[in-house]
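There are 2 protein chains.
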Amino acid sequence: MSLLAPGLSLGVDVGGTKILALACDAEGASAASAQVPSPKGDVEDGGASLADAVCTAITSVAADLGVSAGDLPIGLGLPGMLSLDGVLAFAPNLRSASGSDLAALLAERLGPVVVTIANDADCAAVAEQRLGAGRGHDDLIMVTLGTGIGGGIIFGGQLLRGGNGFAGEIGHMVVDVDGPPCPCGAKGCWERYASGSAVGRMAREAAHAGRLSALVAARGGDAESVRGEDVTAAALSGDLEARVLMDEVGWWLARGIANLACVLDPTCVVIGGGLSEVTPLLIEPARAALPGLLEGGPRRQPILLVPAALGPNAGAIGAGLLARDAA
Amino acid sequence: MSLLAPGLSLGVDVGGTKILALACDAEGASAASAQVPSPKGDVEDGGASLADAVCTAITSVAADLGVSAGDLPIGLGLPGMLSLDGVLAFAPNLRSASGSDLAALLAERLGPVVVTIANDADCAAVAEQRLGAGRGHDDLIMVTLGTGIGGGIIFGGQLLRGGNGFAGEIGHMVVDVDGPPCPCGAKGCWERYASGSAVGRMAREAAHAGRLSALVAARGGDAESVRGEDVTAAALSGDLEARVLMDEVGWWLARGIANLACVLDPTCVVIGGGLSEVTPLLIEPARAALPGLLEGGPRRQPILLVPAALGPNAGAIGAGLLARDAA
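Chains A and B are the protein sequences, given in the same order. According to the working numbering, the first sequence holds residues 1 to 327 in order. According to the working numbering, the second sequence holds residues 328 to 654 in order.
So this is what it looks like as structure tokens:
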């Protein structure tokens, strides 16, 4: 590591709408950061537009620190299925970069750089396990609730990446084979029941079934137009019908966690992702339901179910930590 | 390790009906073995009757080798949820020994012995991964089909035991929340669809629905009396209706494996357990269905889906290997 930026690494978190680059130390303290919009468009361009945007963010942070990009180990968190050699094999939310090798593309643009690439939920899991809500737990699952559900799995203190690097796609566990269709092609995936898009779907269904009366009235009686955001806002301000729906989503959150617990037996599950504002409303019913959904529930140690602590920076911090590990 | 039995360890596999003890070398070659019936009864006796039976099997093998039990590292595979300190926390198929510490009970009976305790499916997974059908795969799941479904998970070449030792209870992943009730208390657990008892249930349902005509006729028209064994025997002898039902069970086998693959991304899944005779009938449809059930299926490396290679000795061999590791 360069003497120009001692003890720092640079983590980049690529989201669907924005890219956050952040230089931090081993404790996650930020020395500089930059944010740029994610490239638009579904047209595959081999990752060129994404690499350009990531470079803009990286060079901005490096300039702030008075170093060059090559002076810092760089970690890059990407949404999608990453093969172990860092190729973005499948990225439904980042189609333009599908199949690309971002480390190579960054080296073309920045000169010699050391880039560590990981799945974004894996990055968040590492950050929360070492510095956040999961501190002290070696056997932990990070569940990120957003449009879908992402996951990062840490066992024995190590990130579990799987045989091809694709582990942690926990949102696509099927929990109801006859359930609603998922863009992945299956039916009844967990993320159809416990994610941002799940709240939207369940809100419409509830509205059509005569529930959520205040929200339907606010939409001029048009049940179809009730949105997930309406429900989360109403639940946060105490609307009872909206709260009941969030309780249902929380039950489904617990159902999926119980499935994961059967398989993996974590001691801690951290809930993060873009739904953070409503996470407390989901965690409370999920905590209540979970023991009853676990095989041998009463004889087990309770699983610690907690909201993420590092906020929207978790992914970038974790990417930085992984870059540090690899350096 | 004693010079009296150089290179050998003693593995014991405790099943619902019998206990197999086997002295083997690092390659799984058996030097001596003994089998005794499992103790009957659901009455909790603190593990005394089980420990007695295990001791009988162990001392028989040791006597065959002309050594004493304390001369061999002993591995004990038990059906149930084992805490990391070796206590049998929850064992629905071995209630008499629930809550017991078998290592302590064996030491009381045998004098100073070194006993390694593990879940039986974990033992089978270790054996198949090192010496059997999963050789060469560091990221592997063993699925044991019997009355229910058991599992052993190996990642990075290491057994994944979980935070409390309870990992691998894969049969209790819920795949259909409105499905048939499971003795564990949940509904629609995977093992309700892809196990010996699942074949029985699905056979009765099919018979009541007017299917499996030859089998119903053989039972004098009594649909309710059609058994899983009837279906497996008929399928093995080519009965087409029975084959179709086994294809359905095979689809469910693939459904659960796809769930596990989302979470863990194994390169190999080994199918073992008591249904071994019909495993080929299940693996064939499962192999056909699996790629279509995986997120990003066509872009992934195919998962090797293979029958276990070590037969009914796998559990005892694996227990022996784990004892060797710990010695």
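Yeah, the Cβ is synthetic: ideal placement off N, Cα and C, and Gly gets one too.
Cα-Cα separation, B:Ala378 to A:Trp190 | For the purposes of this step, residue 378 of chain B is taken as the residue at position 51 of the second sequence. For the purposes of this step, residue 190 of chain A is taken as the residue at position 190 of the first sequence. Rounded to whole angstroms, B:Ala378 to A:Trp190 spans 43 Å at the Cα level.
Across which residues does DSSP place B:Ala350 in a beta bridge pair?
-> Within the second sequence, residue 350 of chain B is the residue found at index 23, counting from 1. Answer by DSSP bridge pairing, in chain order: B:Leu337 and B:Ala359.
By Cβ distance, which residues of its chain are closer than 7 Å to A:Leu322, with the 5 residues on each side in sequence left out?
-> Counting from 1 along the first sequence, the entry for residue 322 of chain A is found at position 322. Excluding sequence neighbours, A:Leu322 sits near Gly75, Thr116, Ala118, Cys123 and Val126.
How is B:Leu649 classed by DSSP in three states: helix, strand or coil?
-> Walking along the second sequence from the start, residue 649 of chain B turns up at place 322. B:Leu649: helix per DSSP, three-state reduction.
Measure the C-alpha to C-alpha separation of B:Gly577 and B:Asn586 and round it to an integer number of angstroms.
-> Position 250 of the second sequence, counted from the start, is the residue given in the question as residue 577 of chain B. Position 259 of the second sequence, counted from the start, is the residue given in the question as residue 586 of chain B. Distance between the alpha carbons of B:Gly577 and B:Asn586 is about 14 Å.
Pick helix, strand or coil for B:Pro625, following the three-state DSSP scheme.
-> Translated into the one-based positions of the second sequence, residue 625 of chain B becomes position 298. If DSSP states are grouped into helix, strand and coil, B:Pro625 belongs with the helices.
Interface residues of chain B facing A:Pro112 [CB-CB closer than 9 Å] = Here residue 112 of chain A is taken as the residue at index 112 of the first sequence, counted from 1. Here the premise fails: no neighbours, minimum Cβ distance about 30 Å.
From A:Leu78 to A:Asp120, what distance separates their C-alpha atoms?
-> On the first sequence, position 78 is the one that residue 78 of chain A refers to. On the first sequence, position 120 is the one that residue 120 of chain A refers to. Whole-angstrom Cα-Cα distance: 5 Å.
Alpha-carbon to alpha-carbon, A:Leu245 and A:Glu229 = As a first step, residue 229 of chain A must be located in the first sequence, where it is residue number 229. As a first step, residue 245 of chain A must be located in the first sequence, where it is residue number 245. For A:Glu229 and A:Leu245, the distance between alpha carbons rounds to 12 Å.
Helix, strand or coil at A:Met173 according to DSSP, with G and I counted as helix = As a working note, residue 173 of chain A is residue 173 in the first sequence. If DSSP states are grouped into helix, strand and coil, A:Met173 belongs with coil.
Counting Cβ pairs closer than 8 Å, one from the stretch 564-571 of chain B and one from the stretch 508-526 of chain B, do we hit at least three?
-> Short answer: they don't touch.
Closest by CA to B:His499, which one among A:Leu82, A:Gly152 and A:Arg255?
-> As a first step, residue 499 of chain B is located in the second sequence; it is residue number 172 there, counting from the start. Taking only the C-alpha atoms, the option nearest B:His499 is A:Arg255.
Would you report the Cα separation of A:Leu253 and B:Ala359, rounded to the nearest angstrom?
-> What you label residue 253 of chain A is simply residue 253 of the first sequence in a count that begins at 1. What you label residue 359 of chain B is simply residue 32 of the second sequence in a count that begins at 1. Answer to the nearest angstrom: the Cα atoms are 50 Å apart.
A:Val67 to A:Gly47, Cα distance in whole Å?
-> Taking the first sequence and counting its residues from 1, the one referred to as residue 67 of chain A is at position 67. Taking the first sequence and counting its residues from 1, the one referred to as residue 47 of chain A is at position 47. Each residue's Cα considered, the two are about 26 Å apart.
Measuring only between beta-carbons, confirm whether B:Leu392 sits less than 9 Å from chain A.
-> For this step, residue 392 of chain B is matched to residue 65 along the second sequence. Output row for B:Leu392: interface = no.
Starting from A:Ala223, trace the beta strand (DSSP E) both ways and give me its first and last residue.
-> Position 223 of the first sequence, counted from the start, is the residue given in the question as residue 223 of chain A. Where A:Ala223 is concerned, there is no enclosing beta strand (DSSP E), given that its DSSP letter is neither H nor E.
Can you give me the start and stop residues for the beta strand (DSSP E) that B:Asn586 sits inside?
-> In the second sequence, residue 586 of chain B corresponds to position 259, counting from 1. B:Asn586 -> not in any beta strand (DSSP E); alpha helix (DSSP H) instead, spanning Leu567 to Leu591.
Proximal chain A residues relative to B:Met500, where beta-carbon distance stays under 8 Å = The residue given as residue 500 of chain B occupies position 173 in the second sequence. What B:Met500 touches in chain A: Met173, Asn259, Cys262 and Val263.
Where the stretch 33-65 of chain A meets chain B: residues whose CB sits under 8 Å from a CB there | Of all residues in the stretch 33-65 of chain A, none has a Cβ within less than 8 Å of some Cβ in chain B.
Along chain A, in chain order, which residues have C-beta atoms closer than 8 Å to that of B:Thr594?
-> On the second sequence, position 267 is the one that residue 594 of chain B refers to. Those are Gly163 and Asn164, listed as they occur along chain A.
Quick one: is B:Leu620 near chain A, going by C-beta distance under 9 Å?
-> Here the question's residue 620 of chain B lines up with position 293 in the second sequence. It does: the Cβ of B:Leu620 has a partner Cβ on chain A nearer than 9 Å.
If you pair each beta-carbon of the stretch 414-427 of chain B with each one of the stretch 611-630 of chain B, do three or more pairs fall below 8 Å?
-> No, because fewer than three Cβ pairs between the stretch 414-427 of chain B and the stretch 611-630 of chain B fall closer than 8 Å, the two stretches do not touch.
Determine whether the Cβ of A:Val226 lies closer than 9 Å to any Cβ atom of chain B.
-> Translated into the one-based positions of the first sequence, residue 226 of chain A becomes position 226. A:Val226 has a beta carbon lying at 9 Å or more from every beta carbon in chain B.
Could you check if A:Thr17 is buried or exposed, using at least 16 other CB atoms within 10 Å of its CB as the buried criterion?
-> The sequence position of residue 17 of chain A within the first sequence is 17, counting from 1. Counting Cβ neighbours within 10 Å, A:Thr17 comes out exposed, since fewer than 16 surround it.
Alpha carbon to alpha carbon, how far is A:Ile283 from A:Arg135?
-> Within the first sequence, numbered from 1, the residue matching residue 283 of chain A stands at position 283. Within the first sequence, numbered from 1, the residue matching residue 135 of chain A stands at position 135. Distance between the alpha carbons of A:Ile283 and A:Arg135: 19 Å.
Are the C-beta of A:Val177 and some C-beta of chain B separated by less than 9 Å?
-> Mapped onto the first sequence, residue 177 of chain A falls at position 177. Answer yes: the Cβ-Cβ gap between A:Val177 and chain B drops below 9 Å somewhere.
Going by CA-CA distance only, name the one from A:His208, A:Asn164, A:Val199 and A:Gly311 that's closest to B:Cys589.
-> Stepping through the second sequence from its first residue, residue 589 of chain B is reached at position 262. Considering only alpha carbons, the answer is A:Asn164.
Do A:Arg201 and A:Arg192 have their C-beta atoms within less than 9 Å of each other?
-> On the first sequence, residue 201 of chain A is found 201 positions in, with the first residue counted as 1. On the first sequence, residue 192 of chain A is found 192 positions in, with the first residue counted as 1. A contact, by the Cβ cut-off of 9 Å.
Reduced DSSP category for A:Ile317 - H, G, I as helix; E, B as strand; rest coil | For the purposes of this step, residue 317 of chain A is identified with residue 317 of the first sequence, where counting begins at 1. If DSSP states are grouped into helix, strand and coil, A:Ile317 belongs with the helices.
Please decide whether A:Met1 counts as near chain B, where near means a Cβ-Cβ distance under 9 Å.
-> Position 1 of the first sequence, counted from the first residue, corresponds to residue 1 of chain A. Low local confidence applies: a pLDDT of 44 at A:Met1 is under 50, so the model's placement there is unreliable, and no value is given.
Verify the CB distance criterion: does B:Asp465 have a CB-CB separation below 9 Å to chain A?
-> By one-based count along the second sequence, residue 465 of chain B stands at place 138. Yes, contact with chain A.
Going by other Cβ atoms of all chains shown within 10 Å of its Cβ, with 16 needed for buried, is A:Asp42 buried or exposed?
-> Taking the first sequence and counting its residues from 1, the one referred to as residue 42 of chain A is at position 42. It counts as exposed.
So is A:Leu84 buried or exposed if we call it buried at 16+ other beta carbons inside 10 Å?
-> In the first sequence, counting from the first residue as 1, residue 84 of chain A sits at position 84. It counts as exposed.
Coarse secondary structure for A:Asp101, derived from DSSP in three states = Taking the first sequence and counting its residues from 1, the one referred to as residue 101 of chain A is at position 101. In the structure shown, A:Asp101 sits in a strand (DSSP, three-state: E or B).
Distance between B:Gly642 and A:Met1 (C-alpha atoms, nearest Å) = Here residue 1 of chain A is taken as the residue at index 1 of the first sequence, counted from 1. Here residue 642 of chain B is taken as the residue at index 315 of the second sequence, counted from 1. Confidence in A:Met1 is poor, its pLDDT being 44 and thus under 50, which makes the residue's placement too unreliable to answer from.
Backbone CA spacing between A:Asn313 and A:Leu20 [nearest angstrom] = By 1-based counting over the first sequence, the position of residue 313 of chain A is 313. By 1-based counting over the first sequence, the position of residue 20 of chain A is 20. Between A:Asn313 and A:Leu20, the C-alpha separation is close to 8 Å.
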